[in-house]
Amino acid sequence: MARETVRIGTAEAAPGTKATGAVHVANRPDGSPIFIPVMIVNGVEDGPVVGMDGCTHGDEYEGPEAVQTLVAQLDPTRMRGALIGVPVVNILAFQAMQRVTPHDPLSYPDLNRNYPGRPDGGLTARIAYTHFHEIVARTEVFITVHSGASFAMLPPKLIFHESDDELGRKSLEIAKAFGWEILWRNGSYPGTLNGSAERRGIVCIAPEFGGTDRMPQHRADRTRRLVTGATNVMKHLGMLEGRPQLPDRWVVVEGESHLFASHGGLLAYEADFELGQGVAAGQKIARILDLYGNEIEAVVAPYDGLAIMMRTLPLINPGDWVVGIGKYVRVIENRE
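Here the numbering used here = 1-based position in the sequence shown + 3.
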């Protein structure tokens with residue numbers, strides 16, 4: 004898509020330029036638009052089209068910062084192909100500072116359960132339809148950024164789909180190229196962007212990192228690592244000069260990993276539990292305490308694996324996520 008103007012919504016980027024604009028979704032009752040912001044970096048030579056987005060869930064702020072920083076750093080006169088950046092997909096959830104779309108009672112308001120969307124559906128389904136068909140469908144590789152949002156922390160890990168066909172092999176290749184050590188092999192579930200993109204033949208990976216820790220220096224580090232991952236992919240695809248920065252190995256995990264609380268109370272982690280580290284089957288990870296400090300539930304690892312998510316809100320309700328444990332699949336050594 005290089006050497007021609009890239010047009011998405013109101014954004015138009017000629018070869019060797021950047022542009023910003025918006026894709027219209029609908030209007031609010033007061034007539035103001037509901038839109039998806041778009042940022043385009045259009046290179047001067049032919050090459051792939053890569054997309055990157057943030058805030059599918061409105062309280063996951065790592066994505067917007069990474070997209071804005073990546074677009075600012077890229078020089079389109081030294082680039083092949085094009086990058087399409089979407090800092091905020093669900094503008095309504097973003098403005099409400101919450102995970103899901105407000106004011107959408109008749110359809111499931113989690114955007115990442117609505118893909119590929121419907122043009123005649125509820126508001127969340129319409130956002131999904133516009134995002135998928137106007138933006139994601141224009142790409143060959145898509146990077147959708149997530150985090151632990153307002154209740155959890157995640158180590159740097161990347162969701163990808165692996166299968167024996169060409170798309171599955173390509174997905175693993177792109178996942179490794181991003182440069183993070185923990186790769187979470189996950190299914191292409193109906194309603195998710197990953198699953199819908201893959202059914203369209205688009206490689207879609209989901210780096211997940213951060214969450215409730217929003218100290219400025221930690222936010223800056225997460226942004227740096229997300230931007231490095233995206234430029235690693237672009238280097239791998241030949242869009243940028245240079246070699247990707249890769250780890251010595253990749254640890255592949257899988258599984259429906261979330262452990263849920265049976266009782267409400269206060270959550271207290273064991274001293275030897277650490278996010279991003281290994282756990283053993285039967286290991287006690289955390290305790291749930293009643294109002295008097297008595298243990299009413301023990302949270303125990305069901306199998307050997309890797310801690311890939313931890314709830315950081317001490318207050319917990321029955322049915323809430325506590326931790327996520329990825330089951331070990333294999334280790335891939337970097338032989339380059």
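We put the beta carbon where it would ideally sit given N, CA and C, even for glycine.
In the DSSP assignment, PHE97 falls outside any beta strand (DSSP E) and within the unbroken alpha helix (DSSP H) covering 94–99. In the three-state reduction of the DSSP assignment, PHE163 falls in the strand class. Of all alpha-carbon atoms in LEU175, GLY214, ALA180 and PHE181, the one lying nearest the alpha-carbon of GLU201 is that of LEU175.
Following the DSSP letters along the chain, one finds TYR111 in no beta strand (DSSP E), marked with neither H nor E. By the neighbour-count criterion, in which a residue is buried when 16 or more other Cβ atoms sit within 10 angstroms of its Cβ, ALA223 is exposed. About 6 Å separates the CB atoms of PRO40 and PRO90; that is less than 8 Å, so the two are in contact. Look at GLY12 here: in three-state DSSP terms it is coil, with no helix or strand label. For the options THR234, ASP293 and ALA29, the alpha carbon positioned closest to that of GLY124 is the one of ALA29. Considered as a whole, the segment 186–241 harbours 196–202 and 219–239 as its complete alpha helix (DSSP H) runs of no fewer than 4 residues, in chain order. Taking the CA atoms as reference points, LEU196 sits about 42 Å from ASN297. For GLY245, the closest alpha carbon among the candidates TRP253, THR231 and ASP251 is that of THR231. Beta-carbon to beta-carbon, VAL139 and GLY54 are separated by about 6 Å, close enough to satisfy the 8 Å threshold. Sixteen is the threshold: when 16 or more other Cβ atoms of the shown chains lie within 10 Å of the Cβ of TYR118, as they do, the residue is buried. In this structure, the straight-line span from the alpha carbon of GLU277 to that of PRO247 is close to 29 Å.
In the three-state reduction of the DSSP assignment, GLY61 falls in the coil class, being assigned neither a helical nor a strand state. At a Cβ-Cβ threshold of 8 Å, VAL326 and ILE288 count as neighbours. Approximately 6 Å separates the beta-carbon atoms of PRO250 and ASN337; this is inside 8 Å, confirming the contact. The segment 12–24 and the segment 77–87 touch, with no fewer than 3 CB-CB distances between them shorter than 8 Å. Annotated three-state conformation of TYR132 is helix, per DSSP. A direct Cα-to-Cα measurement between SER110 and MET100 gives close to 19 Å. The Cβ atoms of VAL256 and ALA180 lie no closer than 8 Å to each other. Rounded to the nearest whole angstrom, the C-alpha separation of GLN286 and LEU316 is 21 Å.
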